[in-house]
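K.L.:
Number of protein chains: 2
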Amino acid sequence: MASSSSLSLHLLLLFAILAILATLIESKPTFQLPGASFYKSSFKQAKAPKPKIPYTAHYFPQVLDHFTFHPKSSKIFYQKYLINSHYWHKGGPIFVYTGNEGHIEWFAANTGFLLDIAPKFKALLVFIEHRFYGESMPFGKDSYKSAESLGYLNSQQALADYAVLIRSLKHNLSSESSPVVVFGGSYGGMLASWFRLKYPHIAIGALASSAPILQFDTITPWSSFHDGVSQDFKDASMNCYEVIKGSWAELDALSVQKEGLAELSKIFRTCKDLHSADSALDWLWEAFVYTAMVNYPTEANFMKPLPAYPVQQMCKIIDGMPPETTKLRRAIAGASLYYNYSQTEKCFEIEHGADVHVLSGWNWQACTEMIMPMTCSNKSMFPPSGFDYKDVEVECKKKYGVMPRPHWITTEFVGNRIELALKRFGSNIIFSNGMQDPWSRGGVLKNISSSIIALVTKKGAHHVDFRFETKDDPDWLVELRRQEVDIIQKWIHEYYADVRQG
Amino acid sequence: MASSSSLSLHLLLLFAILAILATLIESKPTFQLPGASFYKSSFKQAKAPKPKIPYTAHYFPQVLDHFTFHPKSSKIFYQKYLINSHYWHKGGPIFVYTGNEGHIEWFAANTGFLLDIAPKFKALLVFIEHRFYGESMPFGKDSYKSAESLGYLNSQQALADYAVLIRSLKHNLSSESSPVVVFGGSYGGMLASWFRLKYPHIAIGALASSAPILQFDTITPWSSFHDGVSQDFKDASMNCYEVIKGSWAELDALSVQKEGLAELSKIFRTCKDLHSADSALDWLWEAFVYTAMVNYPTEANFMKPLPAYPVQQMCKIIDGMPPETTKLRRAIAGASLYYNYSQTEKCFEIEHGADVHVLSGWNWQACTEMIMPMTCSNKSMFPPSGFDYKDVEVECKKKYGVMPRPHWITTEFVGNRIELALKRFGSNIIFSNGMQDPWSRGGVLKNISSSIIALVTKKGAHHVDFRFETKDDPDWLVELRRQEVDIIQKWIHEYYADVRQG
Chain W
90 MASSSSLSLH LLLLFAILAI LATLIESKPT FQLPGASFYK SSFKQAKAPK
140 PKIPYTAHYF PQVLDHFTFH PKSSKIFYQK YLINSHYWHK GGPIFVYTGN
190 EGHIEWFAAN TGFLLDIAPK FKALLVFIEH RFYGESMPFG KDSYKSAESL
240 GYLNSQQALA DYAVLIRSLK HNLSSESSPV VVFGGSYGGM LASWFRLKYP
290 HIAIGALASS APILQFDTIT PWSSFHDGVS QDFKDASMNC YEVIKGSWAE
340 LDALSVQKEG LAELSKIFRT CKDLHSADSA LDWLWEAFVY TAMVNYPTEA
390 NFMKPLPAYP VQQMCKIIDG MPPETTKLRR AIAGASLYYN YSQTEKCFEI
440 EHGADVHVLS GWNWQACTEM IMPMTCSNKS MFPPSGFDYK DVEVECKKKY
490 GVMPRPHWIT TEFVGNRIEL ALKRFGSNII FSNGMQDPWS RGGVLKNISS
540 SIIALVTKKG AHHVDFRFET KDDPDWLVEL RRQEVDIIQK WIHEYYADVR
590 QG
Chain H
90 MASSSSLSLH LLLLFAILAI LATLIESKPT FQLPGASFYK SSFKQAKAPK
140 PKIPYTAHYF PQVLDHFTFH PKSSKIFYQK YLINSHYWHK GGPIFVYTGN
190 EGHIEWFAAN TGFLLDIAPK FKALLVFIEH RFYGESMPFG KDSYKSAESL
240 GYLNSQQALA DYAVLIRSLK HNLSSESSPV VVFGGSYGGM LASWFRLKYP
290 HIAIGALASS APILQFDTIT PWSSFHDGVS QDFKDASMNC YEVIKGSWAE
340 LDALSVQKEG LAELSKIFRT CKDLHSADSA LDWLWEAFVY TAMVNYPTEA
390 NFMKPLPAYP VQQMCKIIDG MPPETTKLRR AIAGASLYYN YSQTEKCFEI
440 EHGADVHVLS GWNWQACTEM IMPMTCSNKS MFPPSGFDYK DVEVECKKKY
490 GVMPRPHWIT TEFVGNRIEL ALKRFGSNII FSNGMQDPWS RGGVLKNISS
540 SIIALVTKKG AHHVDFRFET KDDPDWLVEL RRQEVDIIQK WIHEYYADVR
590 QG
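In the order they appear, the protein sequences are chains W and H. Every position in the first sequence, counted from 1, becomes a number in the numbering used here once 89 is added. Every position in the second sequence, counted from 1, becomes a number in the numbering used here once 89 is added.
1) State yes or no: is the C-beta of H/P160 within less than 9 Å of the C-beta of W/G450?
2) Are the Cβ atoms of H/G423 and H/V318 separated by less than 9 Å?
3) Does the Cβ of H/K169 have 16 or more other Cβ atoms within 10 Å, making it buried, or fewer, making it exposed?
4) Could you have a look at W/V503 and say whether DSSP puts it in helix, strand or coil?
5) Do you know offhand how far H/N429's Cα is from H/F357's?
6) Name the residue from W/D154, W/E413 and W/V270 whose alpha carbon lies nearest to the alpha carbon of W/S238.
7) Looking at W/V269 and W/V185, is the spacing between their C-beta atoms short of 9 Å?
8) Using a Cβ-Cβ cut-off of 6 Å (strictly less than) and excluding sequence neighbours within five positions of W/V533, which residues of its own chain qualify?
9) Checking 9 Å against the spacing of the C-beta atoms, do H/L280 and H/N199 come in under that value?
10) Please classify H/T433: is it buried, with 16 or more other beta-carbons within 10 angstroms of its beta-carbon, or exposed?
11) Any beta carbon from chain H within less than 9 Å of W/Y584's own beta carbon?
12) So which residues on chain W does H/E237 lean against when the C-beta distance must stay under 7 Å?
13) Within 10 angstroms of the Cβ of W/M463, are there 16 or more other Cβ atoms? Answer buried if so, exposed if not.
14) Based on Cα-Cα distance, which residue from H/S354, H/I183 and H/S326 lies nearest to H/I406?
15) Between W/I183 and W/E218, is the Cβ-Cβ spacing less than 9 Å?
16) Using C-beta distances below 6 Å, list every residue in its chain close to W/S431, excluding the 5 sequence neighbours before and after it, in chain order.
17) If you measure from the beta carbon of H/T500 to each beta carbon in chain W, is any gap under 9 Å?
18) What residue does the beta strand (DSSP E) around H/K169 start on, and which one ends it?
19) Any chance the segment 226-245 of chain W sits against the segment 450-461 of chain W, with 3 or more Cβ pairs inside 8 Å?
20) Where do the ends of the beta strand (DSSP E) carrying H/N522 lie?
21) Please classify W/K579 as buried or exposed, where buried requires at least 16 other C-beta atoms within 10 Å of its C-beta.
22) Taking C-alpha atoms, which residue in W/S299, W/C360 and W/A247 lies nearest to W/H552?
23) Taking any Cβ of chain H, which residues in the segment 469-494 of chain W have a Cβ under 7 Å from it, in chain order?
24) Starting from H/L395, find everything on chain W with Cβ-Cβ shorter than 9 Å and list it in chain order.
25) So that I know if they touch, is there some Cβ in chain W lying closer than 9 Å to that of H/F514?
26) Can you grab the Cα-Cα spacing for the pair H/F158 / H/Q572, in whole Å?
27) By the 10 Å Cβ neighbour count, where 16 or more other Cβ atoms means buried, how is H/T546 classified, buried or exposed?
28) At a Cβ cut of 7 Å, what residues of the segment 214-238 of chain W count as close to chain H, listed as they run along the chain?
29) Between W/G475, W/C485, W/F476 and W/V215, which has its C-alpha nearest W/W453's C-alpha?
30) Between the C-alpha atoms of H/L286 and H/G515, what's the straight-line distance to the nearest angstrom?
31) Please state if the CB of H/P386 and the CB of H/A376 are separated by a distance shorter than 9 Å.
32) In the DSSP output, which residue or residues are listed as bridge partners for W/N390?
33) What span of residues does the alpha helix (DSSP H) with H/P399 cover, start to end?
34) Note the first and the last residue of the continuous beta strand (DSSP E) segment covering H/I542.
35) Taking Cβ-Cβ distances shorter than 7 Å, what residues in chain W pair up with H/L509?
36) Could you give the C-beta distance for W/N522 and W/G549, rounded to a whole number, given that I count them as a contact under 8 Å?
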């Protein structure tokens with residue numbers, strides 16, 4: 090069973106991995122499936138030390154169940170949140186990060202944007218941990234034990250947590266009139282935008298970065314995520330794309346040969362002999378998907394240390410190998426950039442010992458509400474695979490004893506025909522997306538109204554705007570952040586003007 | 090235990106009675122309290138025959154718990170809804186009444202407005218019953234048995250029910266593009282306005298009639314409800330107001346006399362001897378409160394048959410009695426108009442046999458989420474009484490084993506500083522209120538934006554606009570309904586224009 094700390098450091102990575110998994114692992118592939126080791130590779134990082142951050146930790150007595158009133162629903166758990174009041178002037182704005190699936194410290198460390206802009210706004214910074222992640226475990230070590238406890242883990246309860254906590258915090262700070270702006274990236278960005286829509290009386294605006302709120306039902310074509318990854322590689326080099334696309338057949342052919350696994354172990358430079366070719370496939374797949382997601386314009390260490398524009402670097406490696414090199418060997422060399430940019434790995438731990446059927450928070454969410462159908466089309470560089478809701482049902486029923494509610498998110502939250510629904514409703518939301526990020530395909534990419542704005546950068550990757558500014562940031566990134574700051578400034582000015590008009 | 094049918098016919102009356110009760114029964118009065126018989130008088134009406142209405146009944150398999158994902162949360166219950174498709178052209182608008190606390194037939198029968206306007210709009214009419222009322226009992230006869238079952242009764246679950254049902258209905262009718270407008274009166278109006286705010290992707294607008302969404306926390310002064318009742322009587326006649334205000338002391342004085350109860354039984358014309366003066370007090374209190382609520386401009390039979398402008402008629406009786414008549418006797422004569430306008434009662438059943446601690450749906454809601462603090466100030470014509478949250482806690486803990494969440498509604502829904510919150514957010518809501526109705530004091534009485542509109546009529550009473558039109562309707566009522574129709578027409582035109590623009 091996964092302990093709370095084993096869920097540590099994978100916010101968006103975990104989000105990405107598991108959201109993909111939630112679909113792919115259940116789908117009917119025509120080739121091979123990225124299998125369960127996809128899980129394990131993300132869990133491996135759980136033991137990384139907590140990042141150092143300029144925040145103080147606090148714990149809020151939170152109600153277990155906001156939406157039923159059983160006697161046991163009033164059970165209290167302690168929800169962690171982080172505060173930085175260094176720049177705050179009392180009565181000034183409060184910037185709240187709506188935490189996603191992981192330790193809140195990780196989100197704080199990877200959302201330097203808020204620290205960068207806090208002095209300008211004299212803002213209080215608050216990062217709230219999502220229930221059932223990090224230390225915010227309603228049932229302690231038993232939180233993931235079964236559907237009985239996990240039942241309380243979902244996005245609506247999380248949003249209500251944020252509402253209750255923010256209201257209480259403002260009251261305790263005697264700052265009821267302070268405007269609150271919510272921020273979130275990836276799943277946290279979905280939560281931020283939904284929070285603005287459901288709790289407009291608590292947050293005056295939301296900046297949702299790389300929030301794929303349209304990645305549900307049939308709103309976004311199911312193949313778009315992997316098409317997005319593939320496009321990044323195509324844009325870097327058509328040859329690179331073709332090499333990767335062709336590598337799977339070579340992997341498949343090798344795997345069915347006598348001594349195939351031994352040969353694969355050798356060319357993948359595994360630390361231990363492979364038991365299955367699936368793990369090798371997953372290892373490649375993961376490298377390509379994540380490198381596309383974090384195709385940042387500067388050197389970064391988001392999931393792993395990587396150079397600036399890592400997709401381009403990866404393709405340089407693939408394209409630059411001696412002419413006789415097979416596609417598979419080229420793909421492996423490319424993927425090795427992702428796993429070994431720091432050149433510290435002598436061999437690769439491709440297969441992990443963890444239990445495949447480990448219970449985790451995001452797995453649960455992916456089995457109940459967060460059903461994001463994904464396929465791989467022929468146009469992608471991945472092995473074709475399909476998606477069938479029935480498979481998700483069978484798998485989730487087996488794993489947790491619950492039935493997925495695949496259409497619930499689009500009933501509870503706006504999604505279908507979002508332009509029509511929000512053209513004359515709501516305000517003050519920024520959806521920012523970078524087109525390098527495959528999740529952008531499920532995001533809001535066009536302005537919906539004069540104050541529900543899409544900021545799209547061609548070269549941006551997964552919530553690149555939320556990273557600390559660096560002196561190497563390209564102009565388009567500086568400009569993106571400047572726009573965001575200007576818009577948030579406008580919201581706050583309008584709010585104070587409205588208060589004065591009273 | 091209250092059976093489902095015993096909850097029949099008291100929508101707003103029940104709403105009013107119990108909402109008042111929820112506060113008063115727990116408060117610390119300085120005089121006497123309207124006691125538990127307040128409950129019983131409403132239950133008495135449960136056996137009235139169901140009204141005949143031009144709707145067909147249907148039953149929708151609804152999910153028990155939308156916001157947790159326990160295996161048992163997926164339990165299905167059958168939610169009743171009514172359909173009238175006589176005027177509908179496929180693809181045309183769908184008008185949905187968001188049912189409140191009672192049998193849905195009752196709301197259909199008392200919302201003739203929708204039938205009146207359906208032909209003009211070629212609208213489909215749908216009345217959805219609120220969970221745990223009427224026939225929509227998730228646990229059958231055991232639905233009210235304990236907090237274990239009642240836990241699923243609350244406004245957020247009800248709103249989610251409406252969202253799920255409407256979406257499914259539109260799908261089954263192949264009318265996904267039909268605009269949906271939601272309507273509701275009283276608590277149903279609160280639900281309608283909240284639905285528009287929480288589910289803008291499902292309803293393009295809401296008409297919330299007499300919806301006291303601001304009757305929570307400290308948004309509205311706690312004394313305003315009874316001040317509102319008193320104002321109606323003052324406006325009719327200062328003498329009438331003074332008589333009623335003075336009658337309680339006489340009642341009190343009589344009740345402590347030897348043979349006082351016998352004397353009270355006589356002058357109240359009770360069918361059986363009174364056991365407590367409290368019941369007599371409640372009987373008067375109820376008559377004044379309800380007559381104010383239904384101070385309609387035409388003869389009506391909402392709760393009971395009453396003449397046009399019944400407050401004025403009541404005061405005529407009170408003012409017109411012989412000079413030597415005591416205040417108490419005048420008050421009784423006035424109240425008798427409410428109980429006996431049809432002149433069929435030979436005596437009054439003032440005390441009822443029902444168990445005071447009967448469990449009912451609204452009592453539960455009033456003990457969990459719907460905490461509406463109410464007091465009686467010295468300015469009102471009622472005996473002064475206070476309000477203390479602690480008393481509610483003690484009482485509800487004792488009755489249901491649950492703790493009230495008195496600030497939850499204002500966390501979940503907009504309320505505090507509503508103008509500020511909605512000035513730049515949301516659209517397409519009409520809040521209509523009649524100032525004769527004491528609930529109007531907790532309603533939205535000023536325009537919030539160009540499309541969140543308050544329609545206020547000085548002479549209107551509790552959702553008078555929702556009643557069938559009659560040839561005796563005064564001009565202001567005709568005009569009110571015309572405005573509502575025009576605004577809804579505008580929403581629908583805008584919606585179709587937006588669809589065409591794509």
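Here a beta-carbon is modelled for each residue, glycine too, at the ideal position from N, C-alpha and C. Since this is a predicted model, take the numbers as computed values, not measurements.
P.N.:
Let me lay it out:
1) no
2) no
3) buried
4) coil
5) 13 Å
6) W/D154
7) yes
8) F520 and A543
9) no
10) exposed
11) yes
12) H159
13) buried
14) H/S326
15) no
16) P394
17) yes
18) I165 to N173
19) yes
20) I518 to G523
21) exposed
22) W/S299
23) G490, V491 and M492
24) Going along chain W, no residue has its Cβ under 9 Å from H/L395, so there is no contact; the nearest lies around 36 Å.
25) yes
26) 44 Å
27) buried
28) A236 and E237
29) W/C485
30) 7 Å
31) no
32) W/P394
33) P399 to D408
34) I541 to T546
35) D587 and V588
36) 7 Å
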